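Here full-length UniProt numbering is used: the first residue of the sequence shown is 1, the next is one more, and so on.
Cβ atoms here follow ideal geometry from the backbone N, Cα and C, with glycine treated the same way.
Given the structure is predicted, the values throughout are model-derived calculations rather than measurements.
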Amino acid sequence: MEEASEGIRKVLDKQAIKFVRAIKQDTRSGKTEDRILVLATWRLYLFAVKVPTKTEVTFNFLEIRAMNTYPEHQVVIDTDKTTYSLKLQNQEQLNHVVSHINYSLSRVFNNSIYAPPICRAEGDVTDGSIKFSANSESSLDPQKTCGGFSETYAALCDYNGIGCKEEVQWDVDTIYHSQDNREFNLVDFSHLDSRDLAVIVASIAYNTWFTKLHCKDMRIGSEVVDQVLHTVSKSNTLEELTLENAGLKSDFPQKMASALSENPASVIHSLNLAHNTLDNQARALKMKRGWVFQHDNDPKHTARATKEWLRKKHFKVLEWPSQSPDLNPIENLWRELKVRVSNLIQQVCRLNKGLRLLNLSKTSLSSKGVVTLSQALCSSDDYSNSLLHLDLSKNPGVLSGEDATNLYLFLAQPNCLVHLDLSGTDCTVDSLFGALLRGCCADLSYLNLSKNSFSHRKARDSLPTFRQFFSSAFSLTHVSLASVKVPPDMLRALFLGLSNNPHITDLHLDISSCELRSAGAGVIQELFPRVACVGTLDISDNGLDADLLAVIPAFSRHPSLKHLMLGKNFNIKGRVLEEILQKLVHLVQEEECALHSLSLADSRLRQRGTVMVNALGSNACLRKVDLSGNQLEDSGAKMLSKALQINTTLRSVTWDRNNTTAMGFQDVARALEHNFTLQYMPLPLSDVTQAHRSNPEKTDQALTKEQPDSALLPETGAQAAPGPRHQHGRTGSEEGEEVQTARQILKEARDSRALYPSLCELAHVLSVDGPVKQRLDTLAGELAKAADKELQVVVDSMVLLCRELCPMSCSAAERLNPPLSSISEQVSIPRSAIRSALMERAAEDINRALEEVKLSVVSYLTNSIVDQILQELYTTHKTLLRQVSQAKRWDDVGTGRRTVRQSRIAESLEFPDEDFGVNLGI
């Protein structure tokens, strides 16, 4: 038996053995064979009772489909492949086997409603056989880190026959847990292959910790997509799903709709599928051979581009006769093309918690898909009360026709939209604002209508609506009309509306590439100083050119403008350009100038622009400047270096595409050595690439010169390591103490891996019901009493004044129910209002400040202890190396024999391999 046990240990290698017993197995032929049953953490083994040990049967617990217990200590296990009948020696062993399997599966499924019921008992079997009774393993089981993700992941790795990646478990248990991060980001594990990622995603299906699954700018394979869909169909905690630019295929919408329909407990409320081609279904269609479509004479379908598209896709379309029972109307084709996305939209709009975020940007969405979405949103008031973020941008043509009317109907209803992005949808901008005025004034904060157009015929009729929206909006913080040809009348209405809006401040207004030219410049000069709510203005690429002479003074009269983008507006030369630049210099050097950032990117100022660079030296207001794309050459770089040596307010400088050579970079590098306030200067990749071709050595020197000399930095180990000392006078006990000290340090090094997450967990647990919350509870009660007292004084004074002014009427009012004199006893401030103000608003700010301080303390403690451990490890390592060297020297002296004392010293210095394999994991 000992030989068999040793063989089992070798076969199982590092797997933890939970249970080993000799059992009987019933075979299909009716015979009974002796077997050794071994239960590991996630797997069952059956070994033959012979030497050498051989595995007869093994399967993961997840392969079990049913497990029935019978009298005479028998358990029958049905798996995916076959059935096993096992007889144990007594009831206690049977209970242990069933309990262990149930417990292991409960750790995988986390008590999910979708966990498969596998155990059923028959006969006189005690209840312990189907319910896990607490033993030493479960009773000591700590609260699961991140919902037990690592355990589920390990079980699924075993089930799929792939290696369990310890880095995945460490990242989740340490980084995600310490940051209380509930968003699982697949990009963190992008270096793993598709099969590993699929298992990671599968581990989230039954996890109760993670509420968000995020994947952006990372192509995922079909294996991963299948597991994402599985997670959607099973999870009852997943709230947000982001698969942006993930390479999803055209059949994904239909599969996603099916997954959502299978999960009535789904709590998903945010869905981001941006930058995936979802609605281009032509390749996936399986039309019958010989089908011919007839036209409906819709202008969109008879257009040249449509005909060319149909020809490339090999669809035959007959333009005559217009109707025939033998032909298929072309609407059948469009219906097939759109049905899948429509199904997804319908399922999304049926979500239990309502729809809060929907991002279908650049998904080849069609106008029919928008109609389906709009009809679904209009079908219930729930969506008006839940949808906060809607992004349909970069889907050309979806809002170009009458199909957009359905979306306008939804926007016209009172709703809670905060973020609306319809850029690049061919939306008629002026037609939209009637709906926005009726339904979106209260909460809309972000509005992006760039790359659309105004209807020139109806624009004048919509001017009052356009202006009224901007004067009535309560919450706007960002408005973009970039790349929209804005007529002067519309620009005037925009500025007049904003100037009459008392509700908003610090608005980001983007009207770049709007072809404003001279007419728009006149409107800016006249009205912009009155638009006090604008904090950021982007008017780049508007052909202002010489008109900047009149526009720039308008900025100096603006009371709250902090960020200004003027690039691509300097297509002028000679004296006019010099005058404009002088006005800019005067603008940024005024004492009352409120500008914090200025962008002149891609303006091609050339040598004349150096006057602006030179002005940065004495500038005291700008924090950020962008001078890229101006061909300022080395003379501009030299001016920049001089400015940086004396400027103390700039925090960010962007400098690229200026034809800067290695010499110019060296000037800037020297300046950076003397500037201690600049925080950010991105690497000028374009100029560096060009300079490196002509002079690589000097370019490299310039780029590395701003880095501190590593030789001047103190070495961590050098400070901690003591100088060499003689060891001859040491006794054996002293050397033994050093060995024990080394072992203790190694143990602390291992334990330090849990230091950071444990401290974070401790800080969180102790703050759940800490003194701050208790004090706020007490304060809420005290404030309520004080408010009631104040109300009583005020109401009593009011009643007294009424009696003085109208004594007869007041006497009559005393006979009312309740009497006039008892009003003060009837009124009070709702306790919930005071408690909400303190516990939700004030407490949130206080807790945020507390968390920042606690995190800094945790980081300080962890770093201090780890630094000390590293120093102790270094010191001990040096000491032990000297002792090993000393022992070797003694061994080489004379006959090469060791004394008993010397042998003991050498033996005490022999550490087991695992002691030297310490991985701090820090």
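Item                                                                                                                                                        : Value
With distances taken Cα to Cα, identify the nearest neighbour of S618 among L783, Q645, S599 and L598.                                                      : Q645
Do you know whose CA, among F454, S222 and S475, lies nearest L444's CA?                                                                                    : S475
Would you mind giving the Cβ-Cβ distance between V653 and L678, rounded to the nearest angstrom? I have them listed as a contact below 8 Å.                 : 7 Å
Have a look at the DSSP bridge pairing and note the partners of V371.                                                                                       : Partner(s): none; V371 has no beta bridge.
Taking F676 as the reference, give the member of L746, V794, N647 and M256 with the closest Cα.                                                             : N647
Do you know whose CA, among V484, L420 and L411, lies nearest T428's CA?                                                                                    : V484
Beta strand (DSSP E) containing M565: first to last residue?                                                                                                : H563 to M565
Assuming P396 and G424 form a contact by the criterion Cβ under 8 Å, report the distance between their Cβ atoms to the nearest whole angstrom.              : 6 Å
With DSSP run on the structure shown, which of helix, strand or coil describes R35?                                                                         : strand
Rounded to the nearest angstrom, how far is the Cβ of T465 from that of L437, given a contact under 8 Å?                                                    : 6 Å
Where in the region 381 to 437 do unbroken runs of the beta strand (DSSP E), each at least 3 residues long, occur, reported from the N-terminal end onward? : 389 to 391 and 419 to 421
Short of 7 Å in beta carbon distance, which residues of its chain neighbour H96, apart from the five on each side in sequence? Order them along the chain.  : F19
Starting from D687 and walking both ways along the alpha helix (DSSP H), at which residues does that stretch end?                                           : L685 to S694
Could you check whether V531 and L498 sit closer than 8 Å to each other, using their CB atoms as the reference points?                                      : yes
In the DSSP assignment, the beta strand (DSSP E) including Q169 goes from what residue to what residue?                                                     : Premise fails: Q169 lies in the alpha helix (DSSP H), E166 to W170, not in any beta strand (DSSP E).
Starting from G522, trace the alpha helix (DSSP H) in both directions and tell me its first and last residue.                                               : R517 to L527
Locate the alpha helix (DSSP H) running through Q792, then write down its first and last residues.                                                          : P771 to L805
Please report the residue range of the alpha helix (DSSP H) in which C157 lies.                                                                             : F149 to N160
By DSSP's criteria, Y70 is part of a beta bridge. Which residues make up the other side?                                                                    : Q74
Alpha helix (DSSP H) containing L491: first to last residue?                                                                                                : P488 to S499
Relative to the C-alpha of residue 997, which residue among A493, M490, A473 and G520 is closest?                                                           : As shown, the chain starts at 1 and ends at 922. That puts residue 997 outside it, with no answer to give.
With DSSP run on the structure shown, which of helix, strand or coil describes A637?                                                                        : helix
My guess is that Y159 and I200 are in contact by the Cβ rule of under 8 Å, so how many angstroms apart are they, rounded?                                   : Contact flag wrong, Cβ pair sits at about 14 Å.
For F454, name the three-state secondary structure that DSSP assigns.                                                                                       : coil
Rounded to whole angstroms, what's the CA-CA distance from N500 to P487? Just pull it up for me.                                                            : 20 Å
What three-state label does DSSP hand D700 in the structure shown?                                                                                          : helix
Whose C-alpha, out of L278, T879 and S233, is nearest the C-alpha of S250?                                                                                  : L278
So is V225 buried or exposed if we call it buried at 16+ other beta carbons inside 10 Å?                                                                    : buried
Q534: which of P559, E526 and N343 sits nearest, CA to CA?                                                                                                  : Checking the sequence shown, residue 534 turns out to be Val, not Gln. It is P559.
Ignore the nearest five residues each way along the sequence and tell me which others in S136's own chain have a CB closer than 7 Å to its CB.              : Since pLDDT at S136 reaches only 35, below the 50 mark, its modelled position is unreliable, and the value read off the structure follows with that caveat. The answer is none, since no qualifying residue turns up.
From this set, P553, T208 and L605, which residue's C-alpha is nearest C593's C-alpha?                                                                      : P553
Counting pairs of beta carbons, one from the region 806 to 823 and one from the region 843 to 855, are three or more of them closer than 8 Å?               : no
Does the region 570 to 587 come close enough to the region 543 to 552 to have 3 or more Cβ pairs within less than 8 Å?                                      : yes
Using DSSP with H/G/I as helix, E/B as strand and the rest coil, what is D124?                                                                              : Note that D124 scores 43 on pLDDT, short of 50, meaning its location in the model is unreliable; the coordinates nonetheless yield the value given after this. Of the three classes helix, strand and coil, the one that applies to D124 here is coil, per DSSP.
Quick check: the region 653 to 663 against the region 620 to 636, are there 3 or more CB pairs under 8 Å?                                                   : yes
Measuring straight from C-alpha to C-alpha, what distance separates A780 and E825?                                                                          : 20 Å
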